[in-house]
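**Student:** Dropping a structure here in structure tokens format, bear with me for questions.
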Amino acid sequence: MANCTNCSAPLPQDSIQCTYCGSRNDTDLAGVHYYTTHELESERTCPRCAVSLKTIDLNINGRFLIERCDECLGLFFDPNELETLLEATVSNVFTINRSQLTASKATIDTNSHGAFYIKCPVCSNIMNRVNFGTNSGVIVDRCKDHGVWLDGGELRHLFEWMKAGGKLLQQEREAEQRKIEERELEREKRKLQNQPSMAGTYSAESSFDLFGGTLRKADPDLFDIVVKAVRFFVK
34 MANCTNCSAP LPQDSIQCTY CGSRNDTDLA GVHYYTTHEL ESERTCPRCA VSLKTIDLNI
94 NGRFLIERCD ECLGLFFDPN ELETLLEATV SNVFTINRSQ LTASKATIDT NSHGAFYIKC
154 PVCSNIMNRV NFGTNSGVIV DRCKDHGVWL DGGELRHLFE WMKAGGKLLQ QEREAEQRKI
214 EERELEREKR KLQNQPSMAG TYSAESSFDL FGGTLRKADP DLFDIVVKAV RFFVK
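So the sequence shown is residues 34 to 268, counted in this note's numbering.
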């Protein structure tokens, strides 16, 4: 459990505000990565507070810039940046702690900001609300073209999700889904292979040779008409 950077009291699981001293804690980044705040403000605007975001450098493998709101401490990541941060921060996880994953989900307050859609800080289009990693329980706001918005406190939950093996569980379920799809595809292939071929199913008796062509009984009405016409002229 994280502690308040001001009074060291334990922070609530679903909040970045200390219930003892009232301080707002940047626990998502403090103690995780050394970072610097750039003097220039970003051109992007916080979708919650409508103020300019600040650009900060996490210094991961060199320059690593993301945007943060000083008011709500929300974070905006360009495509793949969030995944890169999680991988760089949490490593050497080899087991899935299912009980810990369940307990972590139970502490997430999905209604802390209200279940409504917000606009992308880049294009101002409405972002989609998705469960990060399909099983983390953290509902992030994602723009398919420009990135992901995390509200204050959500990054901390994703760190805990990674530590409990959430990413491994996601990969395990994806592998199971691929196997199911492969089995379904193989089943469909066998069905097609086992279907009797229509070619050669008619015997010689079921055909009528007329002017060098062969008329099959596949169309009985047409076959009968031709036979009757031939008989008429023969008479």
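Glycine is no exception: its CB is placed at the ideal position from the N, C-alpha and C atoms.
1) If you count every other CB in all the chains shown that lies within 10 Å of the CB of E187, and 16 or more means buried, which is it?
2) With H, G and I counted as helix, E and B as strand and the rest as coil, what does DSSP make of I281?
3) On the DSSP bridge list, what partners appear for C176?
4) Out of curiosity, what's the CA-to-CA distance linking S169 and I89?
5) Do you know offhand how far Q228's Cα is from L201's?
6) Could you tell me whether any Cβ in chain C is nearer than 7 Å to the Cβ of V171?
7) Spell out the partners DSSP gives T78 in its beta bridges.
8) Should T52 be labelled buried (16 or more other beta-carbon atoms within 10 Å of its own) or exposed?
9) If you draw a straight line from the alpha carbon of C102 to that of I129, how long is it in whole angstroms?
10) With C-beta atoms as the reference, is E104 less than 7 Å away from L86?
11) Would you identify the three-state DSSP class for I159, choosing helix, strand or coil?
12) Can you find a heavy atom of the ligand SAH that lies under 6 Å from the Cβ of V123?
13) Between the stretch 215 to 227 and the stretch 166 to 183, do at least 3 Cβ pairs fall closer than 8 Å?
14) With a 10 Å radius around its C-beta and 16 neighbouring C-beta atoms as the bar for buried, classify L80 as buried or exposed.
15) Thinking C-beta only, is L134 closer than 7 Å to C199?
16) Can you tell me whether DSSP reads L134 as helix, strand or coil?
17) In the structure shown, what three-state DSSP assignment does R96 receive?
18) Give every residue of the same chain whose Cβ lies closer than 6 Å to the Cβ of N161, excluding the five residues on either side of it in the sequence, and list them in chain order.
19) Taking P154 and F192 to be in contact with their CB atoms under 8 Å, please state how far apart those CB atoms are, rounded to whole angstroms.
20) If M195 sits next to L119, beta carbons under 8 Å apart, how far is it from one beta carbon to the other, in whole angstroms?
21) From the DSSP output, in three-state form, read off L225 for me.
22) Using a threshold of 7 Å, state whether the C-beta atoms of H190 and C156 are closer than that.
23) For my contact list, A197 and S124 are in at a C-beta cut-off of 8 Å; report their separation, rounded to the angstrom.
**Tutor:** Taking the coordinates as given:
1) Walking along the sequence shown from the start, residue 187 turns up at place 154. E187 is buried by the Cβ-count criterion.
2) Past the boundaries of the shown model lies residue 281; the chain is included only from 34 to 268, so the question cannot be answered.
3) Along the sequence shown, one-based indexing puts residue 176 at 143. Paired residues: G180.
4) Working through the sequence shown from its first residue, we reach residue 169 at position 136. Working through the sequence shown from its first residue, we reach residue 89 at position 56. The alpha-carbon atoms of S169 and I89 are separated by roughly 26 Å.
5) The residue given as residue 228 occupies position 195 in the sequence shown. The residue given as residue 201 occupies position 168 in the sequence shown. Taking the straight line from one Cα to the other gives about 41 Å.
6) The chain inventory of the structure shown lacks chain C, comprising one protein chain alone.
7) The residue given as residue 78 occupies position 45 in the sequence shown. T78 is bridged to S85.
8) One-based indexing of the sequence shown puts residue 52 at position 19. By the 10 Å Cβ count, T52 comes out exposed.
9) By one-based count along the sequence shown, residue 102 stands at place 69. By one-based count along the sequence shown, residue 129 stands at place 96. Distance from the CA of C102 to the CA of I129, rounded to the nearest whole angstrom, comes to 33 Å.
10) The count along the sequence shown starts at 1 and reaches residue 104 at position 71. The count along the sequence shown starts at 1 and reaches residue 86 at position 53. No, Cβ-Cβ distance for E104 and L86 is not below 7 Å.
11) As a working note, residue 159 is residue 126 in the sequence shown. Under the three-state reduction of DSSP output, I159 falls in the strand class.
12) No copy of the ligand SAH appears in this structure; indeed no ligand is present at all.
13) Judged by Cβ distances under 8 Å, the stretch 215 to 227 makes no contact with the stretch 166 to 183, as fewer than three pairs qualify.
14) Taking the first residue of the sequence shown as 1, we reach residue 80 at position 47. It is worth fixing the name first, because residue 80 is Pro in this sequence and not Leu. With a threshold of 16 other beta carbon atoms within 10 Å, P80 meets it and is buried.
15) Start at 1 with the first residue of the sequence shown, and residue 199 comes out as number 166. Start at 1 with the first residue of the sequence shown, and residue 134 comes out as number 101. With the sequence shown as reference, residue 199 is identified as Gly, and Cys is not the correct amino acid for it. Against a cut-off of 7 Å, the Cβ pair of L134 and G199 comes out as a contact.
16) For the purposes of this step, residue 134 is taken as residue 101 along the sequence shown, with counting starting at 1. Residue state, collapsed to three classes: helix.
17) Residue mapping note: residue 96 aligns to position 63 of the sequence shown, counting from 1. Judged by DSSP in its simplified three-state form, R96 adopts coil rather than helix or strand.
18) One-based indexing of the sequence shown puts residue 161 at position 128. Within the same chain, N161 has close Cβ partners R175.
19) What you label residue 154 is simply residue 121 of the sequence shown in a count that begins at 1. What you label residue 192 is simply residue 159 of the sequence shown in a count that begins at 1. A Cβ-Cβ distance of about 23 Å is found for the pair P154 and F192, leaving them out of contact under the 8 Å criterion.
20) Translated into the one-based positions of the sequence shown, residue 195 becomes position 162. Translated into the one-based positions of the sequence shown, residue 119 becomes position 86. At roughly 5 Å, the Cβ-Cβ gap stays under 8 Å, so M195 and L119 are in contact.
21) Residue numbering aside, residue 225 sits at position 192 when the sequence shown is read from its first letter. The answer is helix: DSSP assigns L225 an H, G or I state.
22) Locating residue 190 in the sequence shown gives position 157, counting from the first residue. Locating residue 156 in the sequence shown gives position 123, counting from the first residue. The beta carbons of H190 and C156 sit no closer together than 7 Å.
23) Taking the first residue of the sequence shown as position 1, residue 197 is located at position 164. Taking the first residue of the sequence shown as position 1, residue 124 is located at position 91. Not quite, the Cβ-Cβ distance comes to about 14 Å (not below 8 Å), so this is no contact.
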